[in-house]
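The structure appears below as structure tokens.
In the numbering used here, the protein residues as written are 2 to 200.
See the structure below:
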């Protein structure tokens, strides 16, 4: 049995006072366009969550189950990415940037601005990239700059492609919670189309 409720945007608009009252008993997850958007929680729940963000992450969610495999692939390929980060003075942790870019692909977020907004209030997204509940998100200008620098790395683009092909394959690609943006991935890869030829 789920320890939280979930509602859509239309229902939230129509039943706000009742939903807020219900949130005093157990957290309510608000969905927008079919994806987790924001949580409504009581003050007591919020205070306890400051210590344990993972308590608000559904244990059966696909991102939770697949994260170990994703992190293993990131770890294997970390050396060239860390070297790139040092050379280009990237301030945000490379693993967090890679996981954030993966979220952008999986949920078809059209811009870095929307991705950044999600990281500010979406508990699942915050947990996925390694942010604590009470931890401030990096400055927007730094975040966007570092994403641009990382995507200039052919290693990063190819690793994102590898994660999608090896982890989010088969039936996972067609799960309703994901809306994989292959066009965006191809755009990132096309920036390095001639890289292997120049080697």
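Note that CB positions come from ideal geometry on N, CA and C, so glycine has one too. Every value quoted in this text rests on a predicted model; they were computed, and no experiment measured them.
Proximity of residue i and residue j at Cβ, strictly below 8 angstroms
i           : j           : result
residue 64  : residue 129 : yes
residue 169 : residue 161 : no
residue 41  : residue 20  : yes
residue 116 : residue 101 : yes
residue 179 : residue 110 : no
residue 150 : residue 62  : no
residue 74  : residue 167 : yes
With 16 other Cβ atoms within 10 Å as the buried cut-off, status of residue i
i           : result
residue 95  : buried
residue 183 : exposed
residue 105 : buried
residue 124 : buried
residue 198 : Summary for residue 198: the model assigns pLDDT 43, below 50, so the residue's position carries little reliability; its value from the coordinates is reported in the next sentence. With fewer than 16 Cβ atoms within 10 Å of its Cβ, residue 198 is classed as exposed.
residue 37  : buried
residue 17  : exposed
residue 99  : buried
residue 127 : buried
residue 155 : buried
residue 122 : exposed
Residue i - partner residues in DSSP beta bridges
i           : result
residue 33  : 36
residue 164 : In DSSP, residue 164 forms no bridge with anything.
residue 41  : 29
residue 9   : 32
Closest residue to residue i among the options (Cα-Cα distance)
i           : options               : result
residue 135 : 9, 11 and 55          : 55
residue 191 : 178, 179, 164 and 157 : 157
residue 193 : 83, 185 and 153       : 153
residue 186 : 31, 112 and 60        : 112
residue 118 : 39, 11 and 59         : 39
residue 147 : 85, 27, 165 and 34    : 85
residue 76  : 164, 45 and 189       : 164
residue 145 : 9, 114, 35 and 103    : 114
residue 33  : 66, 45 and 7          : 7
residue 189 : 66, 122 and 103       : 103
residue 133 : 58, 15, 9 and 27      : 58
residue 35  : 46, 9, 15 and 27      : 9
Cβ-Cβ separation, residue j to residue i (assumed contact under 8 angstroms), whole Å
i           : j           : result
residue 131 : residue 97  : 5 angstroms
residue 92  : residue 143 : 5 angstroms
residue 23  : residue 31  : Between residue 31 and residue 23 the Cβ distance is about 12 angstroms, and since that is not below 8 angstroms, they are no contact.
residue 43  : residue 68  : About 28 angstroms separates the two Cβ atoms, so there is no contact after all.
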